[in-house]
Amino acid sequence: MNPHATPIMALSLILGTTITISSNHWVLAWTGLEINTLAVIPLISKSHHPRAVEAATKYFLTQAAASALVLFSSMMNAWATGQWDITQLNHPASCLLFTAAIAIKLGLVPFHFWFPEVLQGSSLMTALLLSTFMKFPPLTLLLLTSKSLDPTLLTTMAVASVALGGWMGLNQTQTRKILAFSSISHLGWIAMVLIYSPKLALLTFYLYTIMTSAVFMALNKIKALNLSMIMTSWTKAPVLNATLMLVLLSLAGLPPLTGFMPKWLIIQELTKQEMTPAAMAIAMLSLLSLFFYLRLAYHSTITLPPNSSNHMKQWYTSKPPSTPTAILASLSILLLPLSPMIHAIV
Numbered sequence: 001m002n003p004h005a006t007p008i009m010a011l012s013l014i015l016g017t018t019i020t021i022s023s024n025h026w027v028l029a030w031t032g033l034e035i036n037t038l039a040v041i042p043l044i045s046k047s048h049h050p051r052a053v054e055a056a057t058k059y060f061l062t063q064a065a066a067s068a069l070v071l072f073s074s075m076m077n078a079w080a081t082g083q084w085d086i087t088q089l090n091h092p093a094s095c096l097l098f099t100a101a102i103a104i105k106l107g108l109v110p111f112h113f114w115f116p117e118v119l120q121g122s123s124l125m126t127a128l129l130l131s132t133f134m135k136f137p138p139l140t141l142l143l144l145t146s147k148s149l150d151p152t153l154l155t156t157m158a159v160a161s162v163a164l165g166g167w168m169g170l171n172q173t174q175t176r177k178i179l180a181f182s183s184i185s186h187l188g189w190i191a192m193v194l195i196y197s198p199k200l201a202l203l204t205f206y207l208y209t210i211m212t213s214a215v216f217m218a219l220n221k222i223k224a225l226n227l228s229m230i231m232t233s234w235t236k237a238p239v240l241n242a243t244l245m246l247v248l249l250s251l252a253g254l255p256p257l258t259g260f261m262p263k264w265l266i267i268q269e270l271t272k273q274e275m276t277p278a279a280m281a282i283a284m285l286s287l288l289s290l291f292f293y294l295r296l297a298y299h300s301t302i303t304l305p306p307n308s309s310n311h312m313k314q315w316y317t318s319k320p321p322s323t324p325t326a327i328l329a330s331l332s333i334l335l336l337p338l339s340p341m342i343h344a345i346v
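In the UniProt record's numbering, the protein residues as written are 1 to 346.
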């Protein structure tokens, strides 16, 4: 890719996201989503590998279908109510179509099929972008229209996403696919609490972004694309591998790490809303996700590869991980234990 193309794509992504999250009009929000989609496609296909081209094609088709549904639902709502304001989504059919469109964009069940395949065909840093930054504009639209959405539909999709994200991740060996199903599972938690507490949903997304960014950047540093490569990376960056284990456990939601806080607060909020069965269901289903996070942590730190390993051991490098990786990993591990002290200072 031309060196001048990357900053243009980055600026387009920032512009598209800013337009979507700051707009009140449906057409402006749709325009921002389209700019984002067109900007990220060259980043997915830049390696010119057949799998990357296939991933870019799948991404384009699914996002184009979702954008068309967003535009169609907004036109139906404007036809019925005379309003183009995003917060005035009152027509029942428009609400249903819009929920389906955003579920496609986010990769919620049952519209999740494209997401693991696209991540598997992308580089680790592009996969990081797709898992975090590209989720923000559609999630913002979902937050703006949360009062109009059907709680039963969202709850059903959320429980199904947590269940399938954990179940499908169990037998994966590719790190990008494992993190794709992790993303589906976390988005299920966010969708579950979205209607009842939008601020908590946004907090959960921010913490998920921090933890997932730390994992992707650590994996990119040690060039680990599958579990067998993680097993042999301990000689290259032992400290980073140990940190990666803690970040993975935080992503799993184990106390006293940062990832425990959003799950704890979501279960508390659902209990207040008298949704104890739903809270119990997602808490039990998250044990599926815990299994594959523990498997990743086990491979990264605790196991030594057998002598018959096909992968050559990496040379030890004294070069430390980058500053953003260190900051994100520290936040992923220490934000919850330090929160009482931060609260006391503030």
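From the three backbone atoms N, C-alpha and C, an ideal C-beta is built for every residue, glycine too.
Distance between Ser182 and Trp264, taken at the CA atoms: about 18 Å. Taking 7 Å as the cut-off, the Cβ atoms of Thr175 and Leu43 do not count as close.
About 20 Å separates the CB atoms of Lys177 and Leu249; that is not less than 8 Å, and the two are not in contact. The straight-line gap separating the alpha-carbon atoms of Gly16 and Thr31 is approximately 7 Å. For Leu251, the closest of Lys272, Leu179, Leu227 and Pro198 by C-alpha to C-alpha distance is Leu179.
Contact between Leu244 and Ser300 is confirmed by a C-beta separation of about 5 Å, below the 8 Å threshold. Assigned with DSSP and collapsed to three states, Asn220 falls in helix. Proximity of the stretch 261 to 278 to the stretch 188 to 198 meets the contact definition, three or more beta-carbon pairs being nearer than 8 Å.
C-alpha of Pro238 to C-alpha of Val215: approximately 15 Å in a straight line. The C-alpha of Ser22 lies about 29 Å from the C-alpha of Leu124. Taking every protein chain shown into account, the CB of Gly121 has 16 or more other CB atoms within 10 angstroms, so this residue is buried. Ser185 is the residue among Ser185, Leu334, Ala326 and His4 whose C-alpha sits nearest the C-alpha of Ala103. Boundaries of the alpha helix (DSSP H) around Lys177: Thr175 to Val193. Around the beta carbon of Val27, a 10 Å sphere encloses fewer than 16 other beta carbons of the protein chains shown; the residue is thus reported as exposed. Under DSSP, Asp85 takes part in a beta bridge, and its partners are His25.
The C-beta distance from Ser213 to Leu328 rounds to 5 Å, short enough to meet the 8 Å contact threshold.
Judged by DSSP in its simplified three-state form, Asn226 adopts strand.
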